[in-house]
Amino acid sequence: MSEEKKATKAKQRKKASTTSAPAGRPSRAEAEDAVRVLMRWAGDDPAREGLIDTPARVVRAYEEFFAGYQVDPREILSRTFSEVDGYDEMIVLKDIRFESYCEHHMVPIIGRAHVAYLPEHRVVGISKLARLVDAFAKRLQIQEKMTAQIADTLNEILQPKGVGVILEAAHQCMSTRGVHKAGVEMVTSRMLGTFRTDPSTRREFLSIVGNPGAMSVANT
Ligand SMILES: [Zn+2]
3 MSEEKKATKA KQRKKASTTS APAGRPSRAE AEDAVRVLMR WAGDDPAREG LIDTPARVVR
63 AYEEFFAGYQ VDPREILSRT FSEVDGYDEM IVLKDIRFES YCEHHMVPII GRAHVAYLPE
123 HRVVGISKLA RLVDAFAKRL QIQEKMTAQI ADTLNEILQP KGVGVILEAA HQCMSTRGVH
183 KAGVEMVTSR MLGTFRTDPS TRREFLSIVG NPGAMSVANT
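So in the numbering used here, the last spot in the sequence shown is 222, and the numbers never skip.
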């Protein structure tokens, strides 16, 4: 790696460790030590050759897994466009793949999000919807909370006529441990405004995402 690249990386690290970190965030060295403790707990020797660099890699991976803590989801939606030429139909971004982490076991939750809204005055760049999903996914989560956070933030910032969010995800804490049930997906949804009050809006959304079964899940 070039010196310049190294400097940039160090800068990024410094930035990551100072941005919206809770007070008393442990140092990188402390985080790596914690990984060594878990490796010993698992029954292995952190000093053996194959594991020497693992703690540093794990901590770097955690920076990716939990990058959402460094992002302000409201900020993502702050740039809106009001020139919509009278467009007043539903806007849907479907099959947004996300990777999140169960807050009970810290293992992956992998799934798809479908995000829709019916604009009132303002629209937002479509990629922002995907970034919004990631901002909440890249944290310790439960699927229900993540669904509500995405819908509520969209509703609060864009103030549209309605918002619909559906998440379908497989939880590795269910497939790789515990009951060991693979191939099971949890579906959660949150409908606000016209998505909640107008059955035809809701039907349209469900038919676009091709998942009418979603409505059998509690709509909270
Ligand atoms: Zn879990």
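We put the beta carbon where it would ideally sit given N, CA and C, even for glycine.
Short of 8 Å from the beta carbon of residue 61, and not among the five residues preceding or following it, lie these beta carbons of its own chain, in chain order: 30, 33, 34 and 37. Residue 55 carries a coil assignment under DSSP once its states are collapsed to helix, strand and coil. By alpha-carbon distance to residue 114, the top candidate from 76, 93, 174 and 132 is 132. Within its own chain, no residue has a Cβ closer than 7 Å to the Cβ of residue 74 once the five positions on either side in sequence are excluded.
Between residue 44 and residue 101, the alpha-carbon positions lie close to 25 Å from each other. Counting only residues of its own chain and dropping the five nearest sequence neighbours on each side, residue 104 has a CB closer than 8 Å to the CB of 110, 111, 142, 143, 144, 173, 174 and 175. Between residue 189 and residue 125 the beta-carbon gap is near 27 Å, outside 8 Å, which marks them as no contact.
Those residues that have a beta carbon less than 5 Å away from any non-hydrogen atom of ligand 1 are, in order along the chain, 104, 106, 107 and 175.
Listed in chain order, the non-local C-beta contacts of residue 162 below 8 Å within the same chain comprise 119, 120, 121, 122, 124, 156 and 195, local neighbours out to five positions each way being set aside. When secondary structure is reduced to three states using DSSP, residue 143 falls in the strand class. Residue 36 carries a helical assignment under DSSP once its states are collapsed to helix, strand and coil. According to DSSP, residue 107 shares a beta bridge with no other residue.
Residue pairing by DSSP places residue 102 opposite 111 in a beta bridge.
Between residue 78 and residue 40 a beta carbon distance of about 33 Å is seen, past the 8 Å cut, so the two are scored as non-contacting.
The three-state reading of DSSP puts residue 118 in strand, counting E and B together. Classified as exposed, residue 186 has fewer than 16 neighbouring CB atoms from the shown chains inside 10 Å of its CB. DSSP places residue 207 inside the alpha helix (DSSP H), whose first and last residues are 201 to 211. In this structure, residue 166 sits near residue 193, with a CB-CB distance shorter than 7 Å.
For residue 86, the three-state secondary structure derived from DSSP is coil. In this structure, 128 is the residue among 212, 128 and 171 with its C-alpha nearest to the C-alpha of residue 82.
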